[in-house]
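Trainee: Numbering (the working numbering), first residue to last: 100 to 431.
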Amino acid sequence: MAVKVGIPGALLFYLYFPMWQAFFNEIGVQVVPSGRTTKSIMDKGIREALADACVPIKLFYGHVMDLKGKVDYLFIPRVVCLNRKTVYCPKFLGLPDMIKYSVDDVPPIINVRMDSRQGRFAILKAYCEIGKYFGAGKLSVIRAYLKAAGIHYHYNRLLRKGWSPLEAMELLKNPGADKICRPPKANLKFAILGYPYAIYDSFISVSIVEKLRQLGVMVMTAENIHPALLALQKNCDLPKRLFWTLSDIVLKAAHLLFKRGRIDGVLHLTAFGCGPDSLLNKLIEMEAKKHRNIPFMTLMIDEHTGEAGMATRLEAFVDMVRRRKEAEACRR
Ligand code: SF4
């Protein structure tokens, strides 16, 4: 029977799951993802995590609890840096230790450090370390890594076409389906700024993407923008980039989207208890003030975010933007 590795459906799951799954399958390991977030998963996370942790971290704990007892290993890499420039938030860096020392009877954790600043082949070496847990030789690891990198490339292309991560994961299972289906179009276009694990986890974001689509709004996020375009953006008048990878991406996306002005509204989804967001929120607000012609709203999510409250705010915002657009069209 194949060894089972559990991958919690939170945090970097939304960016790297297809790649990780392809890698493990290629070296003969079965991957077990935790399910979609439910109230029971959230409650388990709240019980296990420190009270002052941000909501995505609490959710990660919940997904770990969901996998406990079902898998032989948990895959929780220590992801430090993947672009040689910025580092992930300190919570990502301490994640394997936090889980190991605070969750009872947790399965063995595959805890490899991924830090591309340590050399040209640092990430490949990290994958070789993963392979050692399962007795995979260097050649088979390299083969698996190359296949996984190909899947990651294809996955990112789907995201750039406008699909959400979960939709893109489904499309990967049906090669060619992306040529037949198209992401939904609508007469309003909003940008949602925020971390992918907050926006696309429909439990904590209270299905923000689906709700907007139902209201006739096309949604775009930083994941739908080509990284090369983001790399060209300068962060306000800051002398240097933000230290934290995902915050830097969100800020760059904010600059690009506000400047290009081809959107009807911008929503910033911020997570309660997030350290980097205390700075990022201010910087995005400063940018929004420079572009007063584009309506902007911040929404804070936590483990108690209510569906009705979120739906009311979204409906009111969409309504306001739609009337404004209609009034502008009449004036022309
Ligand atoms: S960036 Fe913020 S929301 Fe994300 S893990 Fe770090 S503290 Fe939590």
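Heads up, the beta-carbon is just placed ideally off N, CA and C, and yes, glycines get one too.
(1) When we look at the beta-carbon of Ala152 and count the other beta-carbons within 10 Å, is it buried (16 or more) or exposed?
(2) For a quick check, are the C-beta atoms of Val263 and Ile126 less than 8 Å apart?
(3) Residues in its own chain within less than 7 Å of Arg216 by CB, not counting five upstream and five downstream?
(4) Report the residue from Ser304, Phe220, Leu379 and Ile348 whose alpha carbon sits nearest the alpha carbon of Thr185.
(5) Does ligand 1 have a heavy atom nearer than 7 Å to the CB of Phe220?
(6) Near Arg423, which residues of its chain fall below 8 Å by C-beta distance, leaving aside the five closest residues on each side in sequence?
(7) Between Gly108, Lys224, Leu368 and Lys381, which lies nearest to Pro404 when the distance is taken from Cα to Cα?
(8) In terms of residues, what are the limits of the alpha helix (DSSP H) holding Leu366?
(9) I'd like to confirm something about Pro375: is its beta-carbon nearer than 7 Å to some heavy atom of ligand 1, or not?
(10) Is it the case that the CB of Phe191 approaches a heavy atom of ligand 1 more closely than 7 Å?
(11) For Gln129, which of Leu110, Ala150, Asp142 and Ile106 has the nearest alpha-carbon?
(12) Tell me whether the segment 367-384 and the segment 292-304 touch, counting them as touching only if at least three CB pairs, one residue from each stretch, are closer than 8 Å.
(13) Quick check: what's the CA-CA separation for Phe122 versus Ile307?
(14) For a test of your reading of the model: does the CB of Leu345 fall under 7 Å from any non-hydrogen atom of ligand 1? Yes or no.
Mentor: Well, looking at it:
(1) buried
(2) Correcting the residue identity first, residue 263 is Ser in this sequence and not Val. Not in contact: Ser263 and Ile126 (Cβ atoms no closer than 8 Å).
(3) Cys180 and Arg183
(4) Ile348
(5) no
(6) Pro394
(7) The amino acid at residue 404 is misidentified as Pro; the sequence shows Thr. Considering only alpha carbons, the answer is Leu368.
(8) Run containing Leu366: none in the alpha helix (DSSP H); it sits in the beta strand (DSSP E), Gly364 to Ala370.
(9) yes
(10) yes
(11) Ile106
(12) yes
(13) 31 Å
(14) Leu345 has its Cβ nearer than 7 Å to a heavy atom of ligand 1.
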